[in-house]
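Colleague: Residues 13 to 717 in my numbering are what the sequence shown spells out, letter by letter.
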Amino acid sequence: MTALAGLSQSLSMLALAGFAGAALWLLARSPARMAAPMPVPRRLALAAAATAIWCGALYAFAPGSSQALVVQSLRDLAMLFWLSGTFWSATAPMSRPQRVILWMLVTIDLFALLLGGAAYLRAGAGAFPWMTSTLTVGAMLVAVGGLLIVDSGVRRAGAGQRMPVMAVAGGFAMLWAYELNVQLIGALTGETASTLIQLLPAVALLVLPTYVVAAMDAGRERMQLSRTAAMRTLLLLGGAAYLVLIGLTGAVARMIGGDYAELAQATSLVVALGTGGILWASDRARAWLSVMISKHFFEHRYDYRTEWMRFTATLGQGAKGDGEDDGNLYRRVAKALAELTGSPGALLMLPAATGGFRVAEQWHWPAGIDEDAALSLRSAFMLQETRHIVDLDAQRRGQPAQDLAIPEWLVADHRAWVVVPVVHYQRMIAVVVLHRPPVSRALDWEDLDVLRIAGQQAASYLAESQSQQALSEARRFDEFNRRFAFIMHDIKNLASQIGLLARNAERHADKPDFRADMVETLKISAGRLSDLLVRLSPRERGPAAEAGRVLIEPLLANVAAEVRPRRELFVGCQAGLAAWGDAGSIRQVVQHLVTNAIDASAPETPVQLVAVAEQGRVRIDVIDQGCGMTRDFIRNELFKPFVSTKDAGFGLGAFEALQIAQAMGGAIEVASAPGQGSDFTLWLPLAGAHGEAGVDPRMMKVGSK
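1) Rounded to a whole number of angstroms, what is the C-alpha to C-alpha distance between W115 and V435?
2) For D415, which residues does DSSP report across the bridge?
3) Is R599 near L563, with beta carbons less than 9 Å apart?
4) Check whether the region 371 to 391 and the region 469 to 485 touch, using three or more Cβ-Cβ pairs below 8 Å as the test.
5) Please report the Cβ distance between G640 and A685, rounded to the nearest whole angstrom; I am assuming they are in contact, meaning their Cβ atoms lie under 8 Å.
6) So, with DSSP's three-state summary, where would you put R448?
7) In this structure, does DSSP put G30 in helix, strand or coil?
8) Excluding the 5 residues flanking S85 on each side, which residues of the same chain have their C-beta closer than 6 Å to its C-beta?
9) What's the call for R111, buried or exposed, on a 16-neighbour Cβ count within 10 Å?
10) Suppose contacts are defined by Cβ-Cβ distances below 9 Å. Is V571 in contact with I672 by that definition?
11) Give every residue of the same chain whose Cβ lies closer than 7 Å to the Cβ of I536, excluding the five residues on either side of it in the sequence, and list them in chain order.
12) In this structure, does DSSP put M228 in helix, strand or coil?
13) Should Q210 be labelled buried (16 or more other beta-carbon atoms within 10 Å of its own) or exposed?
14) Compute the Euclidean distance between the alpha carbons of G539 and G596, then round it to the nearest angstrom.
15) Please return the same chain residues whose Cβ sits closer than 7 Å to the Cβ of Q407, not counting the five positions on each side in sequence.
16) How about M676 and A559: do their beta carbons lie closer than 9 Å?
17) So if DSSP puts E626 in a beta bridge, which residue, or which two residues, is it bridged to?
18) How is R409 classed by DSSP in three states: helix, strand or coil?
19) Which residues in the same chain have their Cβ closer than 7 Å to the Cβ of H308, if we skip the five residues on either side of it in sequence?
20) When the cut-off is 9 Å and only beta carbons count, does S42 lie next to chain B?
21) Report yes if the C-beta distance between V162 and G182 is below 9 Å; otherwise report no.
22) Quick check: the Cα distance between P43 and R54, rounded to an integer number of angstroms?
23) By how many angstroms is the C-alpha of L483 removed from the C-alpha of L506?
24) Measure the C-alpha to C-alpha separation of W421 and R427 and round it to an integer number of angstroms.
25) So, for G97: in the same chain, excluding its five sequence neighbours on each side, which residues have a beta-carbon less than 6 Å away from its beta-carbon?
26) Give me the residue from I381, Y437, S452 and Q481 with the minimum Cα distance to E465.
27) Using CA atoms only, rank isn't needed, just tell me which of S508, D522 and W592 is closest to T533.
28) Let's test the definition: count the other Cβ atoms within 10 Å of the Cβ of E233 and tell me whether it reaches 16, buried, or not, exposed.
29) Give me the Cα-Cα distance between R453 and L463, rounded to the nearest whole angstrom.
30) Between which two residues does the beta strand (DSSP E) harbouring C585 extend?
31) Pop quiz: L694 and L605 are said to be a contact at Cβ under 8 Å. What is the actual Cβ separation, rounded to whole angstroms?
32) Report buried or exposed for N648, applying the criterion of at least 16 other Cβ atoms within 10 angstroms of its Cβ.
33) Identify, in the order they occur along the chain, each residue of the same chain with its Cβ nearer than 6 Å to the Cβ of V430, setting aside the five sequence neighbours on each side.
34) Residues in its own chain within less than 6 Å of S355 by CB, not counting five upstream and five downstream?
35) Should N608 go down as buried or exposed, given a rule of 16 or more other Cβ atoms within 10 Å for buried?
36) Give the C-beta separation of I632 and A623 to the nearest angstrom, bearing in mind that I take them to be a contact with Cβ-Cβ under 8 Å.
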C-alpha cells in the first residue's frame, strides 16, 4: 500500500466517523427547533447517513472503485432528496424543466443501484470491473445535473434563505464539482487521475463542517460579510484569477510552440497595468466599477452601517483636516447627502426673506449658478406637503410623478440630478440639490428610502442649529429687557428724588443753602441719567470690567450729599480705607441700600453709613431703625427679582445689588427683625496700598448675622 493510499484510507475512516456523528446529532435535534434554520432537517440527517455509508465504501473498497460508485448513487439520491425539499415546496413547486432534470437524475441513480446490486448478487465482486465505465458516465451525468439543481435552488431562494441552508448546498456543489473535474480529466487525458481520486475523502471532510453548522443554533440569521471584507475577497479572487490566466496563457503558448509565451505574458501585463491605470486616474471608471460591483455582488446598494456612521460623523463634526466643513453646518449637510449617493457636489437652499428658497450654500458645485436662482413658494409648499424626492431626469423626460412646479433653471441645468426636501416634522427647513454622479443612473426604491431618512436626520441637525440661533437672539433680547428693567428701577428712584426736590423747592426756594443743595442734586441726577443711558447700550461692559482701587470715604460722602434732600445720614469711615472694584458699581450698590433704608424708616429716625476694614475685607454697613423684615422673607424673597414690599416697587433693586456685588468678588449680608430695623452689610475685597487686591476675591454667602 502506498503512502497516499494509506492516507486516503485514514481520511475515509475519519470522514465515516464525522458524518455518522453529524447524522446522529441531526436526528437528536428537535425538529421544531431546527425548522427555523433548516426547513427539512430529517432529510439532511438522511443525507449525512448516506454520505457516511459512502465514506465507509471508500474505506472498504478504495476511492474510484465500482463498489464506491454504486454506493455513491445512494449518496446522490439522498442529496437530491434534500435539495428538492429545501428549495421547493407544494406551494412553490419546481418548474417543468427542473422536474425533468430531477427525475432523470433519480432514474440514473436508481439504475446504478439496481444494476450494481443485481451484478453483485449474480457474480459477486467479479462483476464490477466491467461496470466501471457505465457507473463513471452515470456519476458524471448526476454531478452535472446536481450542479444545475443547486444553481436553480440557490437562485430561487435569493436573499431570503438562511445561512446553514446555503452552506450545505455549497458543500454539495463543491463535492459534485470535484468529482466532475476528476472524471473530465480522466476522459480528456485518457489516464485515470489516481491522485485526485485518492483525495476524495479529504474533499468529503471539507464538506462535513456544513453539516455541523446546520446542526448548531448559529445561523438562525443569515450571515453577511461587510462590504470591506467582501471587496477585499473579490480583489484577492481577481488577483488569483489574473495569475491563473497568465499561467494558462503561458502554458498554451508553450504547447503551440515558438516564442509566444513571453509575448502572451507581456501582453497580459500591459493589459493589467492599463486597466489599473484607468481605474486609478478616472473617477468615472471607478464609479462605474463601484456601481457594477454593488449591482451584481451585493444584495443592497448601500452598506448601511458604514454609510450611516460616515453620514452622522460628517453632520456632527465634518471632515477633519480638510479645513472646509468644520464650522459650516449647511455645507456639511450638503456634503453628507452628496457623499451618501456618490454625487460630486451639492447645493443647499434655505428660506428667503422675500419668500421661496434661495441657494445659501454649496459643496464642490461647479461655477455657473445664477444669484437669483430660487425655488418658488408654490414648489416649496408642494415639496413640503408631499415630501417627494424629485428625480430631475424624469422631469426632463416629461414623466414627473406629479406636478411640483420645479423651476425651469433647475430642469435646464443638466448637472442637477435629484432634489431632496429636508423636512423637520411638518416644516421644510432646507432643500438640497445633488449633482449628477460620474456614472448616471436611475433612482430606485433604495435610493429614495436612504435619501428620505437621511434628509430627516439632517433636518434634526439644522432645526437644532436654528433653535440655538433663535435662543441666542432671545437671550440678547432678554439681556436688553433685563438692563431696561434695572434702569427703570433707577429712573423711578431718580424721579422720586427729583419730585421730592421740587416739593421742597416750593417752601425753601428763597434759602441760599437749599438752592446750592438743589443745584448739586440736579447735577448728580443728570450724571446718573447719563450713566443709565450708557448702561442701556448692548456694548456696555459688566460692573467688574473696570476694577481698580476705590477710596471708600469720598464715595460715601457723595452718596450722603445726593440723599441729603431726603435725609441726613450719619457717615463713619475708617481713614484711608480702599476697596478693589469698580467705583460706579460700588456707588450704585451703596446708593440702593441707603435708599431702601430711608424708605423703610420714619422721617425722624437716623440712617447710619459705616465702613471699616474687617477680616481682610472692606465692610460697609447701612443701618436703619425701620420696620424690619422677617427671617423667612430675607431667605426666600428679598433677593429674588420682581418681589417687592413697596406698592410701586419693581422688585429689582436688591437682586441687582447682589448681582453687582458678587461680580466684584463681594457679597451682601443681612440682619433684620420685624420692628427692630435692618443692617445691610456689603463685603468687598480690600485693596492694598499699591492698588492690588489685598485678598483673593471670593464669594460670600448671603445670610443673617
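Note that beta-carbon positions come from the ideal geometry of N, C-alpha and C, so glycine has one too. Keep in mind it's a predicted model, so treat the numbers as computed, not measured.
Modeller: To lay it out plainly:
1) 59 Å
2) DSSP output for D415 lists no bridge partner at all.
3) no
4) no
5) That belief holds up - the Cβ atoms of G640 and A685 are roughly 5 Å apart, short of 8 Å.
6) coil
7) helix
8) D121, A124 and L125
9) exposed
10) no
11) E574
12) coil
13) buried
14) 11 Å
15) Here the set comprises I418 and V423.
16) yes
17) R629
18) It is coil, neither helix nor strand.
19) No answer about H308 holds up, because its pLDDT of 49 lies below 50 and its placement is not dependable.
20) Protein chains in the displayed structure number just one, and chain B is not present.
21) yes
22) 8 Å
23) 34 Å
24) 11 Å
25) V52 and R55
26) Note that residue 465 is Ile in the sequence shown, not Glu. The residue with the shortest Cα to Cα distance from I465 is Y437.
27) Out of S508, D522 and W592, S508 has the C-alpha closest to the C-alpha of T533.
28) Because E233 carries a pLDDT of 43, less than 50, the predicted location of this residue cannot be relied on, and no value is offered for it.
29) 15 Å
30) L581 to C585
31) 7 Å
32) exposed
33) L446
34) L446, H447 and P449
35) buried
36) About 5 Å; that satisfies the 8 Å criterion.
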